[in-house]
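Asker:
2 protein chains.
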Amino acid sequence: MGDEERFVIIGSNSFSGAHFADYVLRENPGASVLGISRSPESKGCFLPYKKSSGGRFGFRMLDLNKDLDAIVAALREFRPHYILNFAAQGMVGQSWSAPEQWFNTNCIALMNLASRISGDDYLRRFVQISSPEVYGPCDGVTEENARFMPSTPYAASKACGDLSLYPFYLNRGLPLVYTRATNVYGPYQQLYRIIPRTVLFIKTGKKLQLQGGGRAVKSYIHIRDVCDATLKIARGGRNGDVYHISPDGKGISIYDLVLLICEKMGRSIEETAEIIGERLGQDALYVIDSTKVRTELGWRPGTGLSEGLDEVIEWVNEYFEELKVSETEYIHKP
Amino acid sequence: MGDEERFVIIGSNSFSGAHFADYVLRENPGASVLGISRSPESKGCFLPYKKSSGGRFGFRMLDLNKDLDAIVAALREFRPHYILNFAAQGMVGQSWSAPEQWFNTNCIALMNLASRISGDDYLRRFVQISSPEVYGPCDGVTEENARFMPSTPYAASKACGDLSLYPFYLNRGLPLVYTRATNVYGPYQQLYRIIPRTVLFIKTGKKLQLQGGGRAVKSYIHIRDVCDATLKIARGGRNGDVYHISPDGKGISIYDLVLLICEKMGRSIEETAEIIGERLGQDALYVIDSTKVRTELGWRPGTGLSEGLDEVIEWVNEYFEELKVSETEYIHKP
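In order, the protein sequence lines correspond to chains W and E. Here the first sequence is numbered in our numbering, starting from 162 and rising by one per residue. Here the second sequence is numbered in our numbering, starting from 162 and rising by one per residue.
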């Protein structure tokens, strides 16, 4: 399908955005991708598409908050069939300190883009990458139409971004779909995320801090499976709809996750980790139901956690010289 | 209950805000009210509390978008038991042209206020005046926990305002309740609203334009009933909850509403109105279920439409000299 598909990825330096570029370039040898980010392209150790692009990836450094005119011009020149928005202020805990910044990026800037390009004739689909955090702390398994009860400004800003697009779908012809995936992991992930952080800290001998004893249970899905689902949703989803993306099984506690990595790398968890307190406003677990994308679009997750962790370890080994001198903490840019 | 209750009304020049001030000042002879608006106090023909205040109403001209520090200082000095936020960019059709302005007032400014005052010890309740438009075009009767599907930027901005407050309720101690009422009417209403506009135009001989033939069916509730419900919700509602406020019965088409006013004033509808096209993104009807406020807080609507329309006609007669030279169109201020 679609030899000459053109994709625009807003937030192409993000872990998920960079992997999606890699995925579509591999999946479709005729595809081309224009990546947009407010920051210069990351180092190759964080950009999987560097190995797959073959001249089919272009990059524009543009900021959704500041360069809307230039972004709209770039879109109208490139004429993408698909726009995927991965750009977001993503950190949860930090969002309490300056919530307006989270809202400006995750809601206002996004809505302003929608307001400008809704009805543009080149566009087959606008994919908004949302988050299960919009639902807040949920009991049981959450389906796609659950009520929003965000527990942090980050979660509220993502919920508001989603809602701000909806009128442009209903009344201005924006071919909108939403995706919400559980915690994504894989090679090339930022080092402040628990899996790459654990692997790197084991290799460098730094002590890992486990918040709340690592008791929080999370559901992890490999980024390749998320990309597969996202592409299926972009091509075949129903406009206006939300699609959850989640793995089989019940999730794993952070403690058990770290323990699993320790075992793979031949280290004890006592050597690796120490316990600290609980984060404010951190929801315990998201179990989201992904029956819809499975039944309607024939998607299935293909990579188990153990296999996926092996890939991360392999990636850290391959890029260790670069990674060991890379920033391991999250740095917020307003 | 509560002889010395103190209320802050943000958006005190609004129809509903000004009526709520009037209502609590009449209802509770020990109550005092601080009104806040970005505009100077309106003319007396639009301020019902001018007849009831007896020195118990104070006013501060402050803009939620620009004067947050001064608003927070005023709140901490006045120490209100109840804060009610009626301030909003309210027009639906106009919100397409500059949606960011609607979001700044209805969401960002509101969230910034919540971020500053959450946890303040004087506050018993923060009442956010929301709108049934957050639900979008609904089939059947909508209950309080329905999904948000806003069809206009105005509606999306109200939905986002509601969501932006929620984390501050969940994690920062904001004693938050929401109200959503169907179309409110009564004396002292702005002249661009259909009921006072019809009465005034009949008296001045101006021709009324009926959009879409006046076929849209709306559910109207008298402002006094809404104030009664709002006060009950402020005093006795459950934190984090939404309360709908709606009348008995099924609603009325704009055409039939205008016809009813014509009959009361002895004019034919042909003399009074002409037909024009449909508004974009205008939802046909909101039927919201108000069982919750009725069963949990013992509220009932007390004023029927015919009686309420008589009050509006009486008000236009009383203030006709002022009203006939007042602006009858909505003027958007960014």
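Cβ coordinates follow ideal geometry from the N, Cα and C atoms, glycine included. Fair warning: this is a prediction, and the values are worked out from it, not measured in the lab.
(1) For a contact defined as C-beta to C-beta under 7 Å, what are the partners of Arg-308 of chain E on chain W?
(2) Residues in its own chain within less than 6 Å of Lys-368 of chain E by CB, not counting five upstream and five downstream?
(3) Measure how close the beta-carbons of Pro-311 of chain E and Ser-276 of chain W come, nearest whole angstrom, since I'm counting them as under 8 Å.
(4) Does the Cβ-Cβ distance between Ala-342 of chain W and Ile-382 of chain W come in under 8 Å?
(5) Please report the straight-line C-alpha distance between Gly-191 of chain W and Phe-168 of chain W, rounded to a whole angstrom.
(6) Quick one: Cα of Glu-490 of chain E to Cα of Val-403 of chain W, how far?
(7) Determine the contact status of Gly-375 of chain W and Tyr-416 of chain W, defining contact as a CB-CB distance below 8 Å.
(8) At a cut of 8 Å, does the stretch 288–299 of chain E reach the stretch 280–300 of chain W through at least three beta carbon pairs?
(9) Does the beta carbon of Glu-261 of chain W come closer than 8 Å to any beta carbon on chain E?
(10) Opposite Asn-246 of chain W in the DSSP bridges: which residues?
(11) Secondary structure at Arg-468 of chain W, three-state DSSP: helix, strand or coil?
(12) Taking 8 Å as the threshold (beta carbon to beta carbon), is Leu-142 of chain E in contact with chain W?
(13) Counting only the same chain and skipping the five closest in sequence on each side, list residues whose C-beta sits under 6 Å from that of Ala-390 of chain E.
(14) How is the alpha helix (DSSP H) around His-383 of chain E delimited, first residue to last?
(15) Taking Leu-418 of chain W as the reference, give the member of W:Ile-437, W:Pro-357, W:Met-252 and W:Glu-188 with the closest Cα.
(16) What ranges does the beta strand (DSSP E) occupy inside the stretch 273–349 of chain W, keeping only unbroken runs of at least 3 residues that lie completely in it?
(17) For Thr-266 of chain W, would you say it is in contact with chain E, using Cβ-to-Cβ distances shorter than 8 Å as the test?
(18) Quick one: complete alpha helix (DSSP H) runs, 4+ long, within the stretch 196–276 of chain W?
(19) Could you check whether the stretch 249–269 of chain E touches the stretch 176–189 of chain E, counting it as contact only if at least three pairs of C-beta atoms, one from each stretch, sit closer than 8 Å?
(20) If you drop the 5 nearest sequence neighbours on each side, which residues of the same chain put their C-beta closer than 6 Å to that of Glu-488 of chain E?
(21) If contacts are defined as beta-carbon pairs under 8 Å, then Met-186 of chain E and Phe-218 of chain E qualify, I think. What distance do you get, rounded to the angstrom?
(22) Here's a check: name, in chain order, each residue in its chain whose Cβ is nearer than 7 Å to the Cβ of Asn-273 of chain E, leaving out the five neighbours to either side.
(23) Taking C-beta pairs closer than 8 Å, name the residues in chain E that Leu-337 of chain W reaches, listed in chain order.
(24) Less than 6 Å between C-beta atoms, sequence neighbours within five positions excluded: which residues of the same chain meet that for Met-162 of chain W?
(25) Could you check whether the Cβ of Gly-464 of chain W sits closer than 8 Å to any Cβ belonging to chain E?
(26) The alpha helix (DSSP H) that contains Leu-361 of chain E, what's its start and end?
(27) Expressed to the nearest angstrom, what Euclidean distance is found between the alpha-carbon atoms of Gly-165 of chain W and Tyr-243 of chain W?
(28) Are the beta-carbon atoms belonging to Ser-470 of chain W and Cys-206 of chain W less than 8 Å from one another?
(29) Give the secondary structure of Glu-483 of chain E by DSSP, where H, G and I count as helix, E and B as strand, and everything else as coil.
(30) Taking beta-carbon pairs under 9 Å, can you tell me which members of the stretch 223–254 of chain E lie near chain W?
(31) Tyr-404 of chain W bridges to which residues according to DSSP?
(32) When DSSP labels each residue in this structure, what does Val-448 of chain E get in the three-state scheme?
(33) Count the other CB atoms, across all protein chains shown, that sit within 10 Å of the CB of Arg-385 of chain W; report buried if there are 16 or more and exposed otherwise.
(34) Could you list which residues in chain W have their beta carbon closer than 8 Å to that of Ala-320 of chain E, in chain order?
(35) Are the C-beta atoms of Leu-274 of chain E and some chain W residue less than 8 Å apart?
Answerer: Result, derived from the coordinates:
(1) In the second sequence, residue 308 of chain E corresponds to position 147, counting from 1. Here the neighbours are Asn-306 and Arg-308.
(2) By one-based count along the second sequence, residue 368 of chain E stands at place 207. Around Lys-368 of chain E: Glu-435.
(3) As a first step, residue 311 of chain E is located in the second sequence; it is residue number 150 there, counting from the start. As a first step, residue 276 of chain W is located in the first sequence; it is residue number 115 there, counting from the start. Not confirmed; about 14 Å, so no contact.
(4) As a working mapping, residue 342 of chain W is identified with position 181 in the first sequence. As a working mapping, residue 382 of chain W is identified with position 221 in the first sequence. Yes.
(5) Position 30 of the first sequence, counting from 1, holds the residue named residue 191 of chain W. Position 7 of the first sequence, counting from 1, holds the residue named residue 168 of chain W. If I take the Cα positions, the gap works out to 11 Å.
(6) Within the second sequence, residue 490 of chain E is the residue found at index 329, counting from 1. Within the first sequence, residue 403 of chain W is the residue found at index 242, counting from 1. The alpha-carbon atoms of Glu-490 of chain E and Val-403 of chain W are separated by roughly 40 Å.
(7) In the first sequence, counting from the first residue as 1, residue 375 of chain W sits at position 214. In the first sequence, counting from the first residue as 1, residue 416 of chain W sits at position 255. Taking 8 Å as the Cβ cut-off, Gly-375 of chain W and Tyr-416 of chain W qualify as a contacting pair.
(8) no
(9) Working through the first sequence from its first residue, we reach residue 261 of chain W at position 100. Interface residue, yes.
(10) Locating residue 246 of chain W in the first sequence gives position 85, counting from the first residue. DSSP output for Asn-246 of chain W lists W:Ile-171 and W:Gln-289 as bridge partner(s).
(11) As a first step, residue 468 of chain W is located in the first sequence; it is residue number 307 there, counting from the start. Checking the sequence shown, residue 468 of chain W turns out to be Glu, not Arg. If DSSP states are grouped into helix, strand and coil, Glu-468 of chain W belongs with the helices.
(12) Chain E is shown only over 162 to 495; residue 142 of chain E falls outside these bounds and no answer can be derived.
(13) By 1-based counting over the second sequence, the position of residue 390 of chain E is 229. Excluding sequence neighbours, Ala-390 of chain E sits near Ile-406, Val-454 and Trp-460.
(14) Position 222 of the second sequence, counting from 1, holds the residue named residue 383 of chain E. Per DSSP, His-383 of chain E belongs to no alpha helix (DSSP H); it is in the beta strand (DSSP E), 381–383.
(15) Walking along the first sequence from the start, residue 418 of chain W turns up at place 257. Of W:Ile-437, W:Pro-357, W:Met-252 and W:Glu-188, the residue nearest in Cα terms is W:Pro-357.
(16) Positions of the beta strand (DSSP E) runs, each at least 3 residues long and wholly inside the stretch 273–349 of chain W, are given as 286–291, 337–342 and 344–346 in order along the chain.
(17) For the purposes of this step, residue 266 of chain W is taken as the residue at position 105 of the first sequence. Chain E contact via Cβ: absent.
(18) Annotation note: the stretch 196–276 of chain W contains the following uninterrupted alpha helix (DSSP H) runs of length 4 or greater, listed N- to C-terminal: 229–239 and 260–264.
(19) no
(20) Along the second sequence, read from residue 1 onward, the residue named residue 488 of chain E stands at position 327. Once the five neighbours on either side are set aside, Glu-488 of chain E has no close Cβ partner at all.
(21) For the purposes of this step, residue 186 of chain E is taken as residue 25 along the second sequence, with counting starting at 1. For the purposes of this step, residue 218 of chain E is taken as residue 57 along the second sequence, with counting starting at 1. The sequence given here has Leu at residue 186 of chain E, not Met. Right, the Cβ-Cβ distance comes to about 7 Å (below 8 Å), so this counts as a contact.
(22) Mapped onto the second sequence, residue 273 of chain E falls at position 112. Result list for Asn-273 of chain E: Leu-229, in chain order.
(23) By one-based count along the first sequence, residue 337 of chain W stands at place 176. Within chain E, no residue comes near Leu-337 of chain W; the closest Cβ sits about 12 Å away, beyond 8 Å.
(24) By 1-based counting over the first sequence, the position of residue 162 of chain W is 1. Low local confidence applies: a pLDDT of 47 at Met-162 of chain W is under 50, so the model's placement there is unreliable, with the coordinate-based value given in what follows. So the list is empty, once near-sequence residues are dropped.
(25) As a first step, residue 464 of chain W must be located in the first sequence, where it is residue number 303. The sequence as given places Thr at residue 464 of chain W; Gly does not occur at that position. For Thr-464 of chain W, the answer is no, since every Cβ of chain E falls outside 8 Å of its Cβ.
(26) To locate residue 361 of chain E, count along the second sequence from 1; it is residue 200. Counting along the chain, Leu-361 of chain E sits inside the alpha helix (DSSP H) bounded by residues 355–365.
(27) Here residue 165 of chain W is taken as the residue at index 4 of the first sequence, counted from 1. Here residue 243 of chain W is taken as the residue at index 82 of the first sequence, counted from 1. According to the sequence displayed, residue 165 of chain W carries Glu and not Gly. Their backbone Cα atoms lie some 12 Å apart in a straight line.
(28) In the first sequence, the residue the question calls residue 470 of chain W occupies position 309. In the first sequence, the residue the question calls residue 206 of chain W occupies position 45. Correcting the residue type first, residue 470 of chain W is Leu in the shown sequence and not Ser. No, the pair does not count as a contact, with Cβ atoms beyond the cut-off.
(29) Taking the first residue of the second sequence as position 1, residue 483 of chain E is located at position 322. Looking at Glu-483 of chain E - three-state DSSP - the assignment turns out to be helix.
(30) none
(31) Taking the first residue of the first sequence as 1, we reach residue 404 of chain W at position 243. Residue pairing by DSSP places Tyr-404 of chain W opposite W:Thr-340 in a beta bridge.
(32) Residue mapping note: residue 448 of chain E aligns to position 287 of the second sequence, counting from 1. In the structure shown, Val-448 of chain E sits in coil (DSSP, three-state: anything other than H, G, I, E or B).
(33) The sequence position of residue 385 of chain W within the first sequence is 224, counting from 1. Under this definition Arg-385 of chain W is a buried residue.
(34) Residue mapping note: residue 320 of chain E aligns to position 159 of the second sequence, counting from 1. Chain W residues near Ala-320 of chain E: Cys-321 and Leu-324.
(35) Position 113 of the second sequence, counted from the start, is the residue given in the question as residue 274 of chain E. Chain W contact via Cβ: absent.
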